[in-house]
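Below is one structure, written out as structure tokens; the observations come after it.
There are 2 protein chains.
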Amino acid sequence: MEFPNTGDFLAGRLRDKLGHDDQAYIESLISETREAESGEVLVSRGTIANSSTILISGYVFRTIESGNRRFIVGIHVPGDFIDLHAFALKRLDHNIVASGPVTLGIAPHQRLRTALEEKPRIARALWFATLLDAAIHRKWIQMLEQLDAPRRIAHIYCELHRRLELIGQANNRSLRTPFTQIDLADMCGVSAIHANRAVGKLRELELAEIRRGDLYTSNWDALREYAQFDGAYLYSDGPLRFDQDWL
Amino acid sequence: MEFPNTGDFLAGRLRDKLGHDDQAYIESLISETREAESGEVLVSRGTIANSSTILISGYVFRTIESGNRRFIVGIHVPGDFIDLHAFALKRLDHNIVASGPVTLGIAPHQRLRTALEEKPRIARALWFATLLDAAIHRKWIQMLEQLDAPRRIAHIYCELHRRLELIGQANNRSLRTPFTQIDLADMCGVSAIHANRAVGKLRELELAEIRRGDLYTSNWDALREYAQFDGAYLYSDGPLRFDQDWL
DNA sequence: CGGTGAAGCTAACATGCATCAATAGACTGG
DNA sequence: CCAGTCTATTGATGCATGTTAGCTTCACCG
């Protein structure tokens with residue numbers, strides 16, 4: 001199977017968690033790839049799917065619509081399964097939307113089913129991915145409870161930077177995204193105007209310059225300290241610590 | 001195995017998801033029960049465990065300590081596994097603390113391992129529980145992004161009421177908890193003083209009276225509407241919609 | 001019975017954020 | 001090249017919430 005312009009996409013979340021054979025096996029679950037445009041709704045709340053999706057390139061949001069406003073409750077980077085829930089729960093309680101152009105891999109549920117039956121290590125890795133999603137959600141909850149708007153934005157970029165680092169796609173001085181200030185506002189639970197002021201504050205403090213979603217900084221450490229970012233919740237220090245006896 | 005004062009505790013989250021045989025099987029995973037006092041730290045951040053814990057009676061919080069303040073990022077009710085992560089991730093990125101006196105069931109990882117190998121339906125149900133945790137977390141994120149403090153408190157009680165209803169422990173006119181206003185503040189990400197104002201506002205609006213953690217209301221519907229509570233995210237409408245072909 | 005500490009409550013002032021209004025810049029399509 | 005739309009920016013005003021301080025109520029216990 002060919003993945004145009006993406007290289008070794010499954011370097012993603014499961015990197016170091018699986019051997020090369022298993023990674024290749026997961027890639028073989030993908031029956032086809034697909035491009036989608038910015039803003040396209042990839043998975044709608046309530047629909048029932050026969051396949052799950054892995055993000056190969058670009059960013060996607062998990063969004064919840066409520067009272068004619070949209071809220072972003074999660075972000076995914078390449079290598080993430082974005083709708084494993086659809087496999088287990090069938091219907092989803094939120095939408096999944098492309099932020100900027102994306103490339104997706106489609107994994108039919110039938111192939112996933114076979115994989116789970118025949119490769120216990122795959123099942124383990126997918127469960128790990130689910131637990132990691134939950135850990136990231138908990139961090140967002142704490143971030144929303146604790147931080148003001150400028151720090152929330154800084155924290156989101158710090159988290160993304162670390163997650164990109166784990167898949168070998170981080171840059172020392174910048175982090176390019178297609179996010180608008182409205183997107184940032186919907187992530188932080190503030191108004192777009194206030195998101196603008198928060199971006200302005202990061203600029204004023206000379207911690208980061210955010211232009212059209214792209215963040216530029218000369219000092220990630222200072223930015224991380226300002227955002228009180230500690231990446232331990234990403235469980236990225238070395239290989240998966242599953243009990244070796246399990247399966 | 002006897003569970004004093006708890007009755008059919010596993011009516012919990014997996015109710016309707018498993019047959020009676022499987023429920024009995026899960027209960028058999030529990031090697032012993034244990035009581036704990038209010039405030040006791042049941043699982044510490046970073047420790048490595050050889051067993052997982054199921055909550056039999058009482059409430060527990062997931063907490064994250066940061067900058068000499070505590071934040072609550074999740075609540076559990078009887079029937080919930082509270083540290084399945086410990087099984088898959090070994091160490092946890094947060095603490096688990098008793099709110100009020102609790103009864104716990106201890107499930108050694110070795111028995112869990114056997115269960116996952118031999119009973120695919122159990123593995124499926126535990127994965128479902130994990131996905132449900134993530135869905136609840138996403139709802140909290142949206143709640144923090146969208147609602148003001150009085151509505152956040154109302155939403156938390158509405159969610160708990162529904163979750164208790166699912167295990168047959170809900171009451172028509174009240175919801176009794178051991179939560180202090182400080183606890184409510186730590187859930188909502190506001191100061192204790194403001195949590196007090198928020199409680200006062202619910203009283204003033206005649207939506208609910210909250211005294212020492214116990215909520216009394218004559219009109220749950222009005223409270224739910226005020227909090228914009230829609231319980232669809234709890235995936236409780238009928239039996240689990242796993243693909244019947246899977247395993 | 002009265003002391004003690006935790007929890008709940010109130011007031012006054014400071015700051016964060018929402019909202020409205022208006023404008024400027026950037027991209028897009030005709 | 002212009003018009004239209006989406007995005008970014010700024011200022012003014014009011015509400016939501018933080019902070020500090022002090023007070024009250026209640027459960028518990030000596």
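In order, the protein sequence lines correspond to chains A and B.
The numbers in the UniProt record's numbering rise by one with no breaks, and the one at position 188 of the first sequence is 188.
The numbers in the UniProt record's numbering rise by one with no breaks, and the one at position 45 of the second sequence is 45.
Glycine included, every Cβ here is placed at the ideal spot set by N, Cα and C.
Given the structure is predicted, the values throughout are model-derived calculations rather than measurements.
Using the Cβ count rule (16 or more neighbours within 10 Å means buried), how would you classify residue i?
{"i": "residue 157 of chain B", "result": "buried"}
{"i": "residue 189 of chain A", "result": "buried"}
{"i": "residue 41 of chain B", "result": "exposed"}
{"i": "residue 20 of chain A", "result": "exposed"}
{"i": "residue 154 of chain A", "result": "buried"}
{"i": "residue 28 of chain B", "result": "exposed"}
{"i": "residue 224 of chain A", "result": "buried"}
{"i": "residue 212 of chain A", "result": "exposed"}
{"i": "residue 230 of chain B", "result": "exposed"}
{"i": "residue 56 of chain A", "result": "buried"}
{"i": "residue 151 of chain A", "result": "buried"}
{"i": "residue 217 of chain A", "result": "buried"}
{"i": "residue 118 of chain B", "result": "exposed"}
{"i": "residue 182 of chain B", "result": "exposed"}
{"i": "residue 38 of chain B", "result": "exposed"}
{"i": "residue 206 of chain B", "result": "exposed"}
{"i": "residue 232 of chain B", "result": "exposed"}
{"i": "residue 134 of chain B", "result": "buried"}
{"i": "residue 47 of chain A", "result": "exposed"}
Since residue i meets chain A, which of its residues come closer than 8 Å, beta carbon to beta carbon?
{"i": "residue 236 of chain B", "result": "Ordered by position in chain A, no residue passes the 8 Å Cβ test against residue 236 of chain B, which lies about 12 Å from the chain."}
{"i": "residue 66 of chain B", "result": "142, 146, 228"}
Indicate whether residue i and residue j have their beta-carbon atoms separated by less than 7 Å.
{"i": "residue 194 of chain A", "j": "residue 149 of chain A", "result": "yes"}
{"i": "residue 185 of chain A", "j": "residue 191 of chain A", "result": "yes"}
{"i": "residue 64 of chain B", "j": "residue 109 of chain B", "result": "no"}
{"i": "residue 145 of chain A", "j": "residue 179 of chain B", "result": "no"}
{"i": "residue 54 of chain A", "j": "residue 100 of chain A", "result": "no"}
{"i": "residue 132 of chain B", "j": "residue 123 of chain B", "result": "no"}
{"i": "residue 62 of chain B", "j": "residue 74 of chain B", "result": "yes"}
{"i": "residue 129 of chain B", "j": "residue 81 of chain B", "result": "yes"}
{"i": "residue 210 of chain A", "j": "residue 140 of chain B", "result": "no"}
{"i": "residue 215 of chain A", "j": "residue 222 of chain A", "result": "no"}
{"i": "residue 167 of chain A", "j": "residue 79 of chain A", "result": "yes"}
{"i": "residue 22 of chain B", "j": "residue 121 of chain B", "result": "yes"}
{"i": "residue 49 of chain A", "j": "residue 98 of chain A", "result": "no"}
{"i": "residue 60 of chain B", "j": "residue 76 of chain B", "result": "yes"}
{"i": "residue 83 of chain B", "j": "residue 44 of chain B", "result": "no"}
{"i": "residue 30 of chain A", "j": "residue 125 of chain A", "result": "no"}
What residues from chain B crowd round residue i, counting only those whose CB sits closer than 8 Å?
{"i": "residue 74 of chain A", "result": "138, 141"}
{"i": "residue 62 of chain A", "result": "138"}
{"i": "residue 127 of chain A", "result": "88, 127, 130"}
Helix, strand or coil for residue i, going by three-state DSSP, please let me know.
{"i": "residue 235 of chain A", "result": "coil"}
{"i": "residue 151 of chain B", "result": "helix"}
{"i": "residue 26 of chain B", "result": "helix"}
{"i": "residue 230 of chain A", "result": "coil"}
{"i": "residue 98 of chain A", "result": "strand"}
{"i": "residue 91 of chain B", "result": "coil"}
{"i": "residue 20 of chain B", "result": "helix"}
Residues of chain A with a CB under 7 Å from the CB of residue i: which are they?
{"i": "residue 131 of chain B", "result": "85, 88, 89, 130"}
{"i": "residue 232 of chain B", "result": "93"}
Applying a beta-carbon distance threshold of less than 7 Å, which residues of chain B neighbour residue i?
{"i": "residue 71 of chain A", "result": "142, 145, 146"}
{"i": "residue 135 of chain A", "result": "93"}
{"i": "residue 189 of chain A", "result": "144, 145, 146"}
(message) My parser needs the alpha helix (DSSP H) runs of 4 or more residues fully inside the UniProt domain "HTH crp-type" (152-226) of chain A; what are they?
(response) Listed in chain order, they are 181-188, 192-204.
(request) Could you tell me which uninterrupted alpha helix (DSSP H) segments, each at least 4 residues in length, are contained entirely in the UniProt domain "Cyclic nucleotide-binding" (34-118) of chain B, listed from first to last along the chain? (result) With a minimum length of 4 residues, the unbroken runs of alpha helix (DSSP H) contained wholly in the UniProt domain "Cyclic nucleotide-binding" (34-118) of chain B fall at 84-88, 109-118.
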